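See structure below.
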Amino acid sequence: MKNNKFLPLAIPDLSGNEEKYLNSCLTSSWISSKGIYIDRFEKKFAEFTGTKYAISTSNGTTALHLVLSALGCGPGDEVIVPDLTFVATANTVAYTGAKPVLADVERDSWSINIGEIRRKISGRTRGIIAVHLYGNPAEMEEILQIAGEHNLWVIEDAAEAHGAGIKIAGRWKKVGSIGIAGIFSFYGNKIITCGEGGMVTTGNRDLAEKMKILRDHGQDPLKRYYHPVIGYNYRLTNMQAAIGLAQLERINHFLKAKEKIAAGYRQKLERVKGLKFQEQNPGKKSVCWLFSMTIEPPYKLTRDQLMAVFEKNAVECRPFFHPLHTMPPYHEKKAYKEAEFLAGHGINLPSFVTITDSQIERVTEIIKHYASN
Ligand SMILES: *Cc1c(COP(=O)(O)O)cnc(C)c1O
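If you're matching positions, the sequence shown starts at 1309 in my numbering and goes up one per residue.
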């Protein structure tokens, strides 16, 4: 444990065509929210996820708000969201005036619990947001089934899961192509990045048309400066799309690297008692956004103690998200037991695509040092 060079949680790999494409925006002066890279990025992303339409946005949060707005979500409506997720999943529902209704998650998959969804459905429920947490797909087949029974829509929050897949009725589908719409984030630490950026995918043409209008101030596409509805400026720039396209060109390489990193961590840590990893489900293809695990006895340290050791050793790691119900805007006295357990015991480890075997070894050696027996 002598190596004290800072080991970060995430570093984007920008070694493909990023610089070349970005420079061509500068030299051509197409730096704003029109240009060839936006069209190319959207088209290629739609192909990648297997959807008909892909609509780029300024970030993943605006992507989700755009879908909810286009679906007409508003005051009096309820939308079911998992208690364990990044806060934007619930915030975007709140932006529309609707109420995010929390559901507990499952201990193994870390994603929304099906029984909880059933218990939380009311006469006001309009839809469900399924989150593919840390790159592992939620139980989409069951979620679609419940949604069908109650006439609800399903949005996939795939901000952490570009390229993940799941078997639906025996056929592999990519996340983002399963619900009425999917959203993705291109924030700096996500699977691919363009600094800040987002994407909505959908197979629904009406919804796609509505979102394009709402993204551009609600402007009538055939009548300049005429705005039949209140819209937003949620556009991506050509410069961001240039970086995004270059990233997308290499996504399969990134996903392979992530798979190898996850396998490396699992193999090195499988004998350490008290560590648990996200489920490995033969019907799902997780993309292991961040390699994550939970820690409990007989492991000798608590999650927070291990985090402190990592900090001393200049290794960056992150705790899991706080359950939504523990934070002021969504506060509830009720216990969401599984979300609370995972949030209290979960940790994310460095998992960027250029991490070396010896860097992984450095992390796992620190962990093993406090293994029991
Ligand atoms: C990152 C993230 C978002 C928001 O994406 P931004 O691009 O940061 O706005 C939404 N949901 C989840 C689950 C995320 O991880």
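Glycine included, each C-beta is placed from N, C-alpha and C at the ideal position.
Please read these numbers as outputs of a predicted model, since none were measured by experiment.
Using alpha carbons as the reference points, say which of the options lies closest to residue i.
| i | options | result |
| --- | --- | --- |
| Gln1586 | Arg1579, Asn1444, Glu1326 | Asn1444 |
| Leu1598 | Ala1371, Leu1441, Val1671 | Leu1441 |
| Gly1582 | Asn1681, Phe1494, Ala1489 | Asn1681 |
| Asp1391 | Ile1346, Gly1431, Val1409 | Val1409 |
| Val1401 | Ile1420, Leu1379, Val1413 | Leu1379 |
| Met1635 | Thr1393, Lys1360, Cys1381 | Thr1393 |
| Phe1356 | Gln1453, Gln1588, Thr1509 | Thr1509 |
| Ile1488 | Asp1385, Leu1515, Asn1421, Ser1364 | Leu1515 |
| Gly1435 | Ala1554, Ile1500, Glu1504, His1458 | His1458 |
| Val1580 | Lys1593, Ile1559, Glu1604, Cys1596 | Glu1604 |
| Ser1323 | Leu1372, Ile1559, Thr1545 | Ile1559 |
| Pro1320 | Gln1667, Arg1670, Ser1659 | Ser1659 |
| Ile1422 | Glu1447, Cys1625, Cys1502 | Glu1447 |
| His1639 | Ser1336, Ala1398, Arg1523 | Ala1398 |
| Glu1350 | Gln1555, Ile1675, Pro1606, Glu1327 | Gln1555 |
| Thr1672 | Pro1606, Ser1600, His1525 | Ser1600 |
| Thr1602 | Ser1337, Cys1625, Ile1499, Trp1338 | Cys1625 |
Looking at the unbroken beta strand (DSSP E) that takes in residue i, where does it start and where does it end?
| i | result |
| --- | --- |
| Phe1492 | 1489-1493 |
| Arg1479 | 1479-1482 |
| Phe1599 | 1599-1603 |
| Met1507 | 1506-1510 |
| Asp1465 | 1461-1465 |
| Glu1386 | 1386-1390 |
| Gly1473 | 1473-1476 |
| Thr1433 | 1433-1439 |
| Ala1643 | That residue, Ala1643, is in no beta strand (DSSP E); it is neither H nor E in DSSP. |
| Ala1530 | As written in the sequence, residue 1530 is Leu, which differs from the Ala given in the question. Run containing Leu1530: none; DSSP gives neither H nor E here. |
| Asn1656 | 1654-1657 |
| Val1617 | Run containing Val1617: none in the beta strand (DSSP E); it sits in the alpha helix (DSSP H), 1611-1620. |
| Val1409 | 1407-1411 |
What are the start and end residues of the alpha helix (DSSP H) that includes residue i?
| i | result |
| --- | --- |
| Phe1628 | Per DSSP, Phe1628 belongs to no alpha helix (DSSP H) and is neither H nor E. |
| Ser1364 | Run containing Ser1364: none in the alpha helix (DSSP H); it sits in the beta strand (DSSP E), 1361-1365. |
| Ala1376 | In the sequence as presented, Ala is not what sits at residue 1376; that position holds Leu. 1368-1378 is the span of the alpha helix (DSSP H), which, as asked, contains Leu1376. |
| Ile1425 | 1422-1428 |
| Phe1585 | Where Phe1585 is concerned, there is no enclosing alpha helix (DSSP H), although the beta strand (DSSP E) it sits in stretches over 1583-1585. |
| Asn1546 | 1546-1557 |
| Val1671 | 1665-1677 |
| Asp1416 | No alpha helix (DSSP H) holds Asp1416; DSSP gives it neither H nor E. |
| Phe1394 | Looking at the DSSP string, Phe1394 is not in any alpha helix (DSSP H), and its letter there is neither H nor E. |
| Met1448 | 1448-1458 |
| Tyr1329 | 1326-1336 |
| Arg1579 | It is not in any alpha helix (DSSP H) - Arg1579 carries neither H nor E in the DSSP assignment. |
| Arg1348 | 1344-1357 |
Use the C-beta contact count for residue i: other C-beta atoms within 10 angstroms, 16 or more gives buried, fewer gives exposed.
| i | result |
| --- | --- |
| Trp1418 | buried |
| Asn1656 | buried |
| Val1375 | buried |
| Ala1331 | In the sequence on display, residue 1331 carries Asn and not Ala. By the neighbour-count rule (16 or more Cβ atoms within 10 Å), Asn1331 is not buried but exposed. |
| His1535 | exposed |
| Gly1368 | buried |
| Val1462 | buried |
| Ile1538 | exposed |
| Pro1383 | exposed |
| His1677 | exposed |
| Asp1385 | buried |
| Gly1552 | buried |
| Pro1637 | exposed |
| Leu1563 | buried |
| Ala1571 | exposed |
| Gln1453 | exposed |
| Arg1543 | buried |
| Lys1342 | exposed |
| Asp1665 | exposed |
| Asn1546 | buried |
| Ser1366 | buried |
| Arg1670 | buried |
| Lys1642 | exposed |
| Leu1334 | exposed |
| Glu1468 | buried |
> Would you call the segment 1627-1634 and the segment 1645-1660 in contact, with 3 or more CB pairs under 8 Å?
Replying inline: yes
>> Would you call the segment 1462-1480 in contact with the segment 1573-1587, where contact means no fewer than 3 C-beta pairs closer than 8 Å?
In response: no
>> With three or more beta-carbon pairs closer than 8 Å as the criterion, would you say the segment 1518-1535 touches the segment 1313-1332?
In response: no
> Is the segment 1614-1623 touching the segment 1490-1500, taking contact as three or more C-beta pairs under 8 Å?
Replying inline: no
> Quick check: the segment 1587-1595 against the segment 1358-1365, are there 3 or more CB pairs under 8 Å?
Replying inline: no
>> With three or more C-beta pairs closer than 8 Å as the rule, is the segment 1603-1614 touching the segment 1653-1668?
In response: yes
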